[in-house]
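**Q** Each position in the sequence shown, counted from 1, maps to that position plus 25 in my numbering.
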Amino acid sequence: MPKRLALSLALSLAALWAGEPPVGARGARGVRVATGQWVEPAGDVLTFPGRAIDMALSEDGATLFVKTDRGLLVVDTGGWRVRQSLAWGRGDSASMHGLAVDGGRVWVTTGKAGLLEAAPGAAGVWAWGRRIALAARDGKSAYPCGVALAGTRAVVALGRENAVAVLDLAAGSELARIPVGVAPCGVALSADGSTAFVANWGGRRPAPGQRTMASAGSPVAVDEGDRPLAGTVSRVDLARGAVTGEAEVGLHPCQVLLEGGTLSVANANSDSVTVLAAADLRVIRTVPVTPDPGLPFGSIVNALALDPRDGTLFAASGGTNAVGVIRGGACAGFVPAGWFPSCVAAGNGRLYIGSARGLGSREGRPGAKGWSVRSEQGTLQRVAIPADGALRTLTRRATDLAQVPRSLEAMLPARKGSRGPVPVPRRAGEPSVFRHVVYVIKENRTYDQVFGDLPQGDGDPSLCIYPREVTPNHHALAEQFVLLDNYYCNGVVSADGHQWATQGITTAYTEKTAGDWTRSYDLGTDPLAFAPTPFLWDSALLRGRSFRNFGEFDFTTLEPPLATWQDVYADHLGGTRKVGFRPSMPTESLRRHTAPDYPGWNTRIPDVVRVERFLAEFRECERKGAWQDLVVVYLPQDHTRGLTPGAPTPRAHLADNDLALGRLVEAISHSRFWKDTCIFVNEDDPQDGFDHVDGHRSLCLVVSPYTLRGRVVSRFYNQGSVLHTMERMLGLPPMTRLDGAAPTMEGCFTRRPDFTPYTALPSRVPLDEVNPRRTGALLDFSRPDTVPDDELNRLLWFAARGDAPYPAWFAGAHGKGLARKGLGLGK
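1. By Cβ distance, which residues of its chain are closer than 8 Å to Val-634, with the 5 residues on each side in sequence left out?
2. Give the straight-line distance between the Cα atoms of Pro-480 and Ala-50, rounded to the nearest whole angstrom.
3. Classify Lys-603: buried if its beta carbon has 16 or more other beta carbons within 10 angstroms, exposed otherwise.
4. Identify whether Glu-45 lies in helix, strand or coil by the three-state DSSP scheme.
5. Between Leu-32 and Thr-420, what straight-line distance do the alpha-carbon atoms span, to the nearest angstrom?
6. Assign Pro-233 to buried or exposed, taking buried as 16 or more other Cβ atoms, counted over all protein chains shown, within 10 Å of its Cβ.
7. Quick one: what does DSSP say Ala-692 is sitting in, helix, strand or coil?
8. Can you list, in chain order, the residues of its chain with a C-beta nearer than 8 Å to that of Glu-45? Leave out the 5 residues immediately preceding and following it.
9. Express the C-alpha separation of Val-56 and Pro-448 in angstroms, rounding to a whole number.
10. Quick check: what's the CA-CA separation for Thr-257 versus Gly-211?
11. Using the Cβ count rule (16 or more neighbours within 10 Å means buried), how would you classify Lys-649?
12. State the CB to CB distance for the pair Asp-713 and Asp-814, rounded to an integer number of angstroms; the pair is presumed to be in contact (CB under 8 Å).
13. Alpha carbon to alpha carbon, how far is Leu-733 from His-523?
14. Does the separation of the CB atoms of Pro-19 and Ala-423 fall below 8 Å?
15. Measure the beta-carbon distance from Leu-686 to Asn-498 and round it to whole angstroms, keeping in mind my assumption that it falls under 8 Å.
16. Taking three-plus beta-carbon pairs below 8 Å as touching, is the stretch 608-623 in contact with the stretch 578-587?
17. Distance, Cα to Cα, Pro-832 vs Arg-155?
18. Just how far apart, CA to CA, sit Leu-214 and Cys-279?
19. In chain order, what residues of the same chain have a beta carbon less than 7 Å from the beta carbon of Pro-486, not counting five sequence neighbours either side?
20. Beta-carbon within less than 8 Å of Gly-242's beta-carbon, same chain only, minus the 5 sequence neighbours each way: which residues are those?
21. Could you tell me if Ile-309 is buried or exposed, where buried requires 16 or more neighbouring beta carbons within 10 angstroms of its beta carbon?
22. Near Phe-780, which residues of its chain fall below 8 Å by C-beta distance, leaving aside the five closest residues on each side in sequence?
23. Using a threshold of 8 Å, state whether the C-beta atoms of Ala-533 and Ala-293 are closer than that.
24. Of all the options Val-737, Ile-378 and Phe-322, which has the alpha carbon lying nearest to the alpha carbon of Leu-433?
25. Out of Pro-791, Ser-324, His-122 and Leu-111, point me to the one whose CA is closest to Ala-556's CA.
26. Can you tell me whether Arg-260 is helix, strand or coil according to DSSP?
27. Tell me the rounded alpha-carbon separation between Thr-558 and Ala-824.
28. How should Gln-402 be labelled, buried or exposed, when 16 other C-beta atoms within 10 angstroms of its C-beta is the threshold for buried?
29. Should Asp-764 go down as buried or exposed, given a rule of 16 or more other Cβ atoms within 10 Å for buried?
30. Run through DSSP, which three-state label would Glu-284 get?
31. Ignoring anything shorter than 4 residues, give me the alpha helix (DSSP H) runs that lie fully in the stretch 383-467, in order along the chain.
32. Please work out which residues of its chain come closer than 6 Å, Cβ to Cβ, to Leu-111, disregarding the five sequence neighbours upstream and downstream, and give them in chain order.
33. Put Met-238 into one of helix, strand or coil per three-state DSSP.
34. Specify the secondary structure class of Val-247 as computed by DSSP and reduced to three states.
35. In the DSSP assignment, find the unbroken alpha helix (DSSP H) run with Asp-592 in it and report its ends.
36. Can the beta-carbon of Gly-363 be found closer than 8 Å to that of Val-718?
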């Protein structure tokens, strides 16, 4: 799209944002999602509970098969209806790619079991049939992904084995396992079945001495920011069982199509499609799939389909919420899709699109008053393949909905002769009143869970389980500064939540593995989950800003290992250090800037201990008169440990988190740095709770001398808004297209400062209030999100409300009951 058109559209968009509708709002522009974008899928639309991951048409085009995070959908393409929803069996789950149709059968790869067959039975009812196990050498899942068929032979990409498996489908056996590159994802077969072409997500195997970072146990070659260096395509001679060629393509190649002598490869982290000659893997061309070449990363090209009539290529663009149409060797335009299109198919003059996020967290009973962030409603589309004229109209709509004009506006250079410092400069590089930005990241709460009892905001007190009595400092900060009641987390769980919170975007890896995490669960631990852009701290350091990290992306172990929460808390009260903290941070580029004695994730460490470690270093900075420009502080204890026997109760965890936050703000606001410091506080995700507006709605606090006092701000903001606002304050450009499109938070500030400091309120709940030993709820909290969130949600509700009816309608169709008998926590 020409830049002049984009910039003129930016002016008209300003009026559309004035009303600031919440997430889930429907209007003339479709449905608003948590990224702030609007989605209005073109064509005929079906909705279903869950995420679309892969799709394929039957040979006659009459049936569309869709792999989702919950099973297999069988869709009638003529009547456009879901004919059957076939749920995964016990022990099965989705992998990020892999579905193929062979005559009357469908073969699907799963995250754990291997290759699974589905076939129609009596009256055309589909059922699971044979399964071919594909185990890894370590006994765990090999994480099968892409599958290609030729006669009775199948070739499957094994994402954890760095190999492909050659299978005899008739015998149900594995014939060979051939090493390829790192983390193979997509695979295509030559017409005669003799040659396989494999897209390697992690590229070549590292050379000796190369800088590496581990992904699911495999070393990946990475740059100085711990991001993968390249992706590759391998050509495999199946008869010889060997790779006979390898070509470098874009980053994160995740699907490969073979048509005649040409290969097309979707590069998810390069916003492009690479076209290769199959004979010698020569790169013919690289096609950018972006509305404008001046935009930063954000298209996330993660799936491909080919129109068999004329060779038009369709590329799912997850960040643009559209499908790119490639004709004549270039991207000719876009077709609007749902939130994060993740699979495409084409046939009989129609384009079929599946979107992983669809309409957002909208699944649930009609008329329900609230939502869980896991109540995802995916979308399927049937669209007539557009001619050039119709495509131009669709393209204008797609780029408007995706807010491409706002992204371009954010890239404009600073104006010459700009006015004096303001809280939020209009453009990066213009002066701000703030020198220091403190970014506090917490865990898993919704707005209604904490602020639902505040009558001045849009809250539902019936969903508030951590009210003022439990969280007095959160309430006081929201009332003394600004209460944001239209603020959203973009993500769903910690794996994508921390990525949204620190990189301003998610990746195809994360969106497509959300059905299961058998390959890896990333929290700064897997380079293949990272976006190709800098993290917030990388961007700051590249531009000469100083930075300090307190706990983010760190997994701390205790010494001795069996030390309890009570042991650590006794250390805190007594001023001793009998229990030691051992950090574990795989991200080397972040480790260099991390406080070594500040603990990261470990639910046996109170947040008041974390803050004391922070304050010890902060006081030294104040003594010297020098403090970092960007400071990230991780306070995770509002995650809780549920009803773990002997652990603090959920409300004690929240009280601990609340007191720690109050002390942090108190110290900063009474310091010499207060006059030019802004503190942002938000959750990484809102997964462990419900909200009456939307499951993505969450907490955000903005605390500074220039913050409005005693106001309710109902403008739409999200995690991208926090990042974009911090970038403006620190003079940094947007990291991605999505944080560049997010509205900055001018509505929270005034130019007239009030330097009145904040005084922390004491806890009203004993921090050492513990769960009864008889609760029996022994769950694994060693890592974030190891406990099923529906189960934890029910435990947290029961701990707060006893026998009050659980709001099961918020949990969506996947919610399951949890026996309360014997928990011993009734009122």
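Think of the CB as a built atom: it goes at the ideal place given N, C-alpha and C, for glycine as much as any other residue.
**A** So, from the data block:
1. Val-593, Tyr-594, Asp-596, His-597 and Pro-624
2. 22 Å
3. exposed
4. Here Glu-45 sits in coil by DSSP.
5. A caution first: Leu-32 carries a pLDDT of 31, below 50, which makes its placement in the model unreliable, though a value can still be read off. Taking the straight line from one Cα to the other gives about 16 Å.
6. When all chains shown are included, Pro-233 counts as exposed.
7. The DSSP-derived three-state label of Ala-692 is helix.
8. Asn-511, Ser-739, Arg-740 and Phe-741
9. 32 Å
10. 11 Å
11. So Lys-649 counts as exposed.
12. 6 Å
13. 28 Å
14. Outside the shown range of the chain (26 to 852) lies residue 19, about which nothing can therefore be said.
15. 6 Å
16. Yes, the stretch 608-623 touches the stretch 578-587.
17. 39 Å
18. 15 Å
19. Gly-477 and Asp-478
20. Asp-163 and Arg-185
21. exposed
22. Trp-699, Lys-700 and Pro-730.
23. yes
24. Phe-322
25. When only C-alpha atoms are compared, the closest one is Ser-324.
26. strand
27. 41 Å
28. Gln-402 should be labelled buried.
29. buried
30. strand
31. Under the rule that a run must span 4 or more residues, the alpha helix (DSSP H) segments found entirely inside the stretch 383-467 read 413-426 and 429-435.
32. Correct list, in chain order: Gly-96, Leu-97 and Trp-151.
33. strand
34. strand
35. 590-599
36. no
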